[in-house]
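Undergrad:
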Amino acid sequence: MNLKMLSGISLGRVAIYLILIVFALLYLAPLYVMLTTSLKDIEEIRSGNLLALPNDPTFYAWIKAWSSACTGSECNGLAPFFWNSVKIVVPAVLISTVVGAFNGYVLAKWKFKGSELLFGALLFGCFIPFQVILLPMAILLAKLGLANTVSGLVLVHVIYGVAFTTLFFRNYYVGIPTELVRAAQLDGAGFLNIFRHVFLPLSTPIFVVTIIWQFTQIWNDFLFGVVYSGPGTQPITVALNNLVNTSIGGKEYNVDMAAAIIAALPTLFVYVVAGKYFVRGLTAGAVKG
Amino acid sequence: MKNNKKVSAIAAAAIMASSTAVMAGEVEVLHWWTSGGEAASVGYLQDKLSDAGVSWTDFAVAGGGGENAMTVLKSRAISGNPPTAAQIKGPSIQEWGDLGFLADIDAVAQANDWDSLLPKVVSDVMKHNGKYVAAPVNVHRVNWMWSNPEVFRAAGATIPTTWDDFMVQAKKIQDAGYIALAHGGQAWQDATLFEAVVLGVGGADYYKKAFVETDMSALQSDTTLAVFETFGQLRQFIDTNSPGRDWNVATSMVINGEAAMQIMGDWAKGEFKVAGKSVGTDYTCTAAPGTSGTHTFNIDSFAFFAQADASATAAQAVMAAEILGSDFQEVFNLNKGSIPARLGMSRDKFDSCAHDSMDAFVASSQTGGLVPSFAHGMAVSSAVSGAIYDAATNFFNTNQSAEEGVRQLVGAIAAAK
Amino acid sequence: MLNLLEKHLPKIVIAPTTVAMIVCMYGFILWTGLLSFTKSRMMPQWDFVGFEQYVRLFDNPRWHIALDNLFIFIFLFIAISLVLGLLLAIFLDQRIRNEGAIRTIYLYPMAISFIVTGTAWKWILNPGLGIEKLLRDMGFVDFEFRWLVDPDMAIYTIVIAAVWQSSGFVMAMFLAGLRGVDDNLTKAAKIDGASAIRLYWHIILPIMRPVFFSAIVILTHIAIKSFDLVQALTGGGPGYASDLPANFMYTFAFNRAQMGVGAASAMIMLFGVLAVLIPYLYSELREKKS
Chain A
1 MNLKMLSGIS LGRVAIYLIL IVFALLYLAP LYVMLTTSLK DIEEIRSGNL
51 LALPNDPTFY AWIKAWSSAC TGSECNGLAP FFWNSVKIVV PAVLISTVVG
101 AFNGYVLAKW KFKGSELLFG ALLFGCFIPF QVILLPMAIL LAKLGLANTV
151 SGLVLVHVIY GVAFTTLFFR NYYVGIPTEL VRAAQLDGAG FLNIFRHVFL
201 PLSTPIFVVT IIWQFTQIWN DFLFGVVYSG PGTQPITVAL NNLVNTSIGG
251 KEYNVDMAAA IIAALPTLFV YVVAGKYFVR GLTAGAVKG
Chain B
1 MKNNKKVSAI AAAAIMASST AVMAGEVEVL HWWTSGGEAA SVGYLQDKLS
51 DAGVSWTDFA VAGGGGENAM TVLKSRAISG NPPTAAQIKG PSIQEWGDLG
101 FLADIDAVAQ ANDWDSLLPK VVSDVMKHNG KYVAAPVNVH RVNWMWSNPE
151 VFRAAGATIP TTWDDFMVQA KKIQDAGYIA LAHGGQAWQD ATLFEAVVLG
201 VGGADYYKKA FVETDMSALQ SDTTLAVFET FGQLRQFIDT NSPGRDWNVA
251 TSMVINGEAA MQIMGDWAKG EFKVAGKSVG TDYTCTAAPG TSGTHTFNID
301 SFAFFAQADA SATAAQAVMA AEILGSDFQE VFNLNKGSIP ARLGMSRDKF
351 DSCAHDSMDA FVASSQTGGL VPSFAHGMAV SSAVSGAIYD AATNFFNTNQ
401 SAEEGVRQLV GAIAAAK
Chain C
1 MLNLLEKHLP KIVIAPTTVA MIVCMYGFIL WTGLLSFTKS RMMPQWDFVG
51 FEQYVRLFDN PRWHIALDNL FIFIFLFIAI SLVLGLLLAI FLDQRIRNEG
101 AIRTIYLYPM AISFIVTGTA WKWILNPGLG IEKLLRDMGF VDFEFRWLVD
151 PDMAIYTIVI AAVWQSSGFV MAMFLAGLRG VDDNLTKAAK IDGASAIRLY
201 WHIILPIMRP VFFSAIVILT HIAIKSFDLV QALTGGGPGY ASDLPANFMY
251 TFAFNRAQMG VGAASAMIML FGVLAVLIPY LYSELREKKS
């Protein structure tokens with residue numbers, strides 16, 4: 001659908017392009033500041049204009065941020081923490097997505113007494129400020145023997161991610177005609193077979209959306225990561241925070257900015273590469289109530 | 001039985017630490033020293049421990065002056081799994097001790113004679129119910145004023161020694177086109193400035209009565225009103241872009257000659273050094289106005305948490321002994337700009353500002369001018385110091401009258417007690 | 001036997017989530033609720049003191065500012081993100097060349113953690129370093145943009161940064177919604193001679209109601225989590241003028257040994273948000289069913 005009648009006048013199209021480009025520039029401004037700063041040396045940052053291009057671009061800050069910046073008494077950069085994050089994010093995203101898919105399937109097509117109430121209750125769970133659950137969750141994790149472990153962190157992310165993944169899948173599956181379920185039932189297919197043969201083949205778009213959402217949320221999480229990790233299992237956001245926080249002088253803004261971009265690379269990558277599928281996935285029904 | 005075992009392990013460790021025998025053990029240390037110089041200092045301690053056979057598991061959580069680290073510590077403690085040692089200071093040590101989380105390291109302290117190594121004002125902070133539970137790494141002096149003599153010369157002003165004089169000199173500097181006071185508008189920096197005014201206007205006795213004992217009649221006295229009046233006058237001498245500015249950016253304003261003065265603890269010295277400036281010619285360190293002869297101290301320390309496991313307890317003792325070792329104290333404090341917490345060390349490697357700080361520390365402890373810094377969590381419980389932060393920062397960043405400032409301060413402290 | 005299993009399979013599948021939800025959401029809220037009636041300071045302590053902590057909370061001037069800020073923030077953040085996201089989506093839906101690149105630009109802020117982006121924003125918004133200086137250097141000597149350092153305006157800089165971060169995501173949702181609209185519908189409207197504005201206002205927007213619903217749920221979720229935003233951008237300042245309840249709660253519970261007050265603030269915050277949301281969610285969910 002488009003504004004054909006508007007665009008009959010080419011002036012209208014020019015205006016649309018202009019608006020889109022102006023906003024694109026506004027959205028890019030912080031990234032521009034971060035990128036140029038990361039390529040400057042510290043003298044230039046101190047003396048020069050923040051918005052100017054670097055005089056003599058250097059990758060020193062990037063190399064330092066990746067491999068030799070201090071994040072504690074160890075100075076090995078972000079590299080070790082990158083893998084910690086991967087170890088947390090991959091299982092957490094997969095488990096929460098699969099659980100969400102089954103939950104959504106049940107709540108959309110296998111309603112039982114109280115299932116609507118359950119859905120509503122789960123939905124409200126999306127609005128809990130996470131600071132509230134920090135201490136009781138710490139007690140629970142300790143009781144389960146999972147305190148300060150990767151498994152513990154995965155569990156926390158799954159529990160608080162499932163509300164959203166369930167919401168996504170349920171809304172998507174509601175749009176699939178119930179007649180398909182009835183027909184499959186007449187053919188003698190059960191709960192699991194219907195899911196596997198009818199729903200799963202239709203689910204690629206919503207899996208893409210859910211995985212992107214969960215990946216972004218968990219990769220960028222700081223609060224859970226800092227509280228429930230232990231030495232050696234800290235995710236990259238915690239390391240980034242350690243790297244940029246200095247209580248005594250010598251703040252290296254170029255290293256900070258390079259580190260921030262490095263920490264964001266996987267999510268940036270996902271948005272750039274999978275962005276197209278993301279909108280397609282949303283179009284395919286994820287946004288239908 | 002278990003306790004006996006612990007005590008003997010500590011005693012054994014204490015003896016071994018002094019004879020550098022090799023033994024196994026592990027310490028897990030929660031701290032928020034992650035920036036260059038600090039990280040190197042912690043790394044040095046780590047090496048010392050590894051020489052003594054104790055491995056170090058580093059658990060760094062930076063941010064908000066330890067705010068994130070305290071959240072982590074609480075969740076670790078509540079789940080029955082506290083780290084071996086954590087960077088905690090001041091009255092918080094007592095709060096953790098009252099809850100029964102801290103380990104008694106008195107054996108190692110006695111074996112190394114901490115009572116005679118440490119000034120009483122330091123050792124008092126490290127003890128809970130008369131037993132050592134923490135080890136100090138340094139003493140910061142907070143009531144410093146850093147000045148750029150070039151700016152003073154250009155403005156025809158002199159470095160002020162009282163707050164009344166400060167207003168006169170600052171006006172001259174401002175009229176000459178400079179920023180008089182470099183300041184970063186963050187709550188802790190506002191509190192640091194407020195603290196200097198409290199001490200300079202009210203004097204050490206008032207300071208202790210009102211801001212250490214939180215005596216309500218002292219807080220409601222006219223002195224507090226005078227403090228807020230002076231504090232309020234300072235608003236005009238800082239630039240309007242100060243809110244949110246990091247302290248080291250404010251320091252660089254003094255270094256570049258944009259601003260004349262900054263009131264900040266001795267850690268500011270590191271910034272001047274990094275910029276290649278030398279003390280006396282490029283910058284000067286003097287006591288904050290009206291606080292000459294007094295010393296606002298801020299002691300960093302590691303508190304030790306009770307451990308179920310005997311080898312962890314033994315490793316803890318080795319760590320405690322190493323922290324008080326003169327090697328570590330020297331390296332750490334040269335890096336950080338502070339002075340060693342223990343007495344009887346060579347002062348050769350320290351600069352003149354550090355010497356001043358050492359002299360003021362000793363002299364003020366005789367005269368009663370040695371006071372704990374409330375802006376840095378040394379004087380009152382975290383609840384009360386938070387209340388002071390709120391009142392000071394809100395007053396300084398709005399157009400509140402001095403009367404209203406006093407009223408809010410008194411209300412906030414009463415509610416936090 | 002197998003039939004019985006088959007019959008109960010849906011419930012069995014959803015049981016773990018239900019248990020986790022009851023314990024880890026509602027159980028923990030209850031735990032915090034109980035905590036708010038105790039005199040807990042440094043650590044939880046189960047000596048009950050009634051409403052004392054709530055009295056303390058509402059005596060605190062900082063709390064009132066945080067609460068006011070929450071409503072300003074949530075309202076503006078959601079409203080601006082929706083409007084901006086919708087407009088950008090409509091414009092982007094006009095067969096734009098390089099749509100993919102522009103869309104990615106709008107989306108990328110969501111991918112970056114605010115821990116450091118906050119610093120970049122701090123510079124851009126700082127009068128002495130960023131926009132104000134830039135425009136003054138360009139010759140607009142009287143240009144002023146001092147929200148970051150103005151206690152009355154600082155909360156709006158947080159809105160700006162939050163909108164920057166999330167509006168692209170909303171744009172993607174609306175764009176998807178627009179793509180999902182049946183072409184026949186718009187064709188029919190065009191034949192009737194409806195203007196573009198009328199077409200969008202009367203036909204397309206009503207169809208997109210579910211998208212609004214999902215977007216509002218997601219934006220509210222983000223708004224409540226906007227804690228690192230404040231931390232990184234203003235630190236709650238100048239003074240505590242831009243404090244939000246999540247930051248207030250975190251500081252009091254974990255850093256100031258006032259856990260009871262922190263818990264009380266969390267409860268007020270939670271119920272404040274739910275009181276506004278529940279009617280909306282309820283009406284939306286109900287209507288769909290009928």
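Note that the protein sequences, when read in sequence, are chains A, B and C.
Using this note's numbering, count along the first sequence one by one with no gaps and you end on 289.
Using this note's numbering, count along the second sequence one by one with no gaps and you end on 417.
Using this note's numbering, count along the third sequence one by one with no gaps and you end on 290.
Where a beta carbon is used, it is the ideal one built from N, C-alpha and C, also for glycine.
Since the structure is predicted, the reported quantities are computational estimates derived from the model, not experimental observations.
1) Just to confirm my understanding: we take E38 of chain B, look at its own chain, exclude 5 residues before and 5 after, and list those with CB closer than 8 Å. What are they?
2) If you reduce the DSSP assignment to three classes, tell me which class V181 of chain C lands in.
3) Beta-carbon of P235 of chain A versus every beta-carbon of chain D: anything under 8 Å?
4) I112 of chain C and Y240 of chain C - do their beta-carbons sit closer together than 8 Å?
5) Quick check on DSSP: helix, strand or coil for V217 of chain C?
6) Would you say R56 of chain C reaches chain B, if we count a Cβ-Cβ gap shorter than 8 Å as a contact?
7) Which residues does DSSP pair with M145 of chain B in a beta bridge?
8) List, from N- to C-terminal side, the alpha helix (DSSP H) runs of 4 residues or more that fit wholly inside the stretch 163-196 of chain A.
9) Under three-state DSSP, which class holds I339 of chain B?
10) For L219 of chain C, which residues in the same chain have their Cβ closer than 6 Å to its Cβ, ignoring the five residues on either side in sequence?
11) Candidates A:Y17, A:A79 and A:L51: which alpha carbon is nearest K133 of chain C's?
12) Output yes or no for whether 8 Å exceeds the beta carbon distance between N242 of chain A and V61 of chain B.
13) Quick check on the DSSP output: the alpha helix (DSSP H) that includes I90 of chain C runs from which residue to which?
14) Using 8 Å as the Cβ pair cut-off and three pairs as the minimum, do the stretch 254-267 of chain B and the stretch 148-160 of chain B touch?
15) At the level of alpha carbons, what is the spacing between L178 of chain C and L84 of chain C?
16) Which residues in the same chain as L123 of chain A place their Cβ atom closer than 8 Å to its Cβ, once the five residues preceding and following it in sequence are excluded?
17) For S382 of chain B, which residues in chain C fall below 7 Å Cβ to Cβ?
18) Going along chain B, which residues have a C-beta under 7 Å from S10 of chain A?
19) Is DSSP giving Y240 of chain C helix, strand or coil here?
20) Determine the extent of the beta strand (DSSP E) in which N298 of chain B is found, giving its start and end residues.
21) Between the stretch 234-252 of chain C and chain B, which residues of the former have a C-beta closer than 9 Å to a C-beta of the latter?
22) Closest to S63 of chain B by CA distance: which of A:F222, A:V279 and A:P231 is it?
23) For V49 of chain C, go through chain B and note every residue whose CB falls closer than 7 Å to its CB, in chain order.
24) Determine the direct distance from the alpha carbon of V226 of chain A to that of L30 of chain B, and round the result to whole angstroms.
25) Determine the extent of the alpha helix (DSSP H) in which E67 of chain B is found, giving its start and end residues.
26) Kindly list, in the order they appear in chain C, the residues whose Cβ is closer than 8 Å to that of Q408 of chain B.
27) Could you check the C-alpha separation between R256 of chain C and E67 of chain B for me, to the nearest Å?
28) Please state the DSSP three-state secondary structure of G386 of chain B.
29) Is T204 of chain A near the ligand MG, with its Cβ less than 7 Å from a heavy atom?
30) For N126 of chain C, would you say it is in contact with chain B, using Cβ-to-Cβ distances shorter than 8 Å as the test?
31) Could you check whether the Cβ of E116 of chain A sits closer than 8 Å to any Cβ belonging to chain B?
32) Against K187 of chain C, what residues of chain B qualify as contacts under a CB-to-CB distance less than 8 Å, listed in chain order?
33) Measure the alpha-carbon distance for V211 of chain C versus E99 of chain C and round it to whole angstroms.
34) Who are the neighbours of D390 of chain B on chain C, taking C-beta pairs under 7 Å?
35) What does K11 of chain C touch in chain A if you count any residue whose Cβ is under 7 Å from its own?
36) Quick check on I261 of chain A - is its C-beta less than 8 Å from some C-beta in chain B?
TA: For this structure:
1) Contacts found: N335 and K336.
2) The answer is coil: DSSP assigns V181 of chain C none of H, G, I, E or B.
3) Any reference to chain D falls outside this structure, whose protein chains are A, B and C.
4) Not a contact, by the Cβ cut-off of 8 Å.
5) Annotated three-state conformation of V217 of chain C is helix, per DSSP.
6) Judged by the 8 Å Cβ criterion, R56 of chain C is in contact with chain B.
7) When DSSP reads this structure, M145 of chain B sits in a beta bridge with B:I263 and B:T286.
8) As far as the stretch 163-196 of chain A is concerned, its whole alpha helix (DSSP H) runs of at least 4 residues are 178-186 and 191-194.
9) DSSP places I339 of chain B in strand when its eight states are reduced to three.
10) Contacts found: I78 and S81.
11) Here the closest residue by C-alpha is A:L51.
12) Against a cut-off of 8 Å, the Cβ pair of V61 of chain B and N242 of chain A comes out as a contact.
13) Counting along the chain, the alpha helix (DSSP H) containing I90 of chain C begins and ends at P61 to L92.
14) Contact holds: three or more Cβ-Cβ distances are below 8 Å.
15) A direct Cα-to-Cα measurement between L178 of chain C and L84 of chain C gives close to 15 Å.
16) Closer than 8 Å at Cβ, skipping near neighbours: A163 and L167.
17) Residues of chain C passing the Cβ test: N255, R256 and A257.
18) Within chain B, no residue comes near S10 of chain A; the closest Cβ sits about 45 Å away, beyond 7 Å.
19) Here Y240 of chain C sits in coil by DSSP.
20) Per DSSP, the continuous beta strand (DSSP E) segment holding N298 of chain B begins and ends at H295 to N298.
21) If you check each beta-carbon in the stretch 234-252 of chain C against every beta-carbon of chain B, the ones closer than 9 Å belong to T234, G235, G236, G237, P238, G239, Y240, A241, Y250, T251 and F252.
22) Here residue 63 of chain B turns out to be Gly, not Ser, going by the sequence shown. For G63 of chain B, the nearest C-alpha among the options comes from A:F222.
23) In chain order: nothing, as chain B lies at least about 14 Å away.
24) Taking the straight line from one Cα to the other gives about 12 Å.
25) E67 to I78 is the span of the alpha helix (DSSP H), which, as asked, contains E67 of chain B.
26) Correct list: P61.
27) Cα-Cα distance, rounded: 9 Å.
28) For G386 of chain B, the secondary structure class from DSSP, reduced to helix, strand or coil, is helix.
29) Because no ligand of any kind appears in the structure shown, any question about the ligand MG cannot be addressed here.
30) Yes, N126 of chain C lies at the interface with chain B (some Cβ there is under 8 Å from its Cβ).
31) Not closer than 8 Å to any Cβ of chain B, the Cβ of E116 of chain A fails to qualify, so no.
32) Correct list: empty, because the minimum Cβ distance to chain B is about 54 Å.
33) About 21 Å.
34) The contacting residues are R62 and Y240.
35) For K11 of chain C, the neighbours in chain A by C-beta distance under 7 Å run, in chain order, F112.
36) When Cβ-Cβ separations below 8 Å define contact, I261 of chain A makes no contact with chain B.
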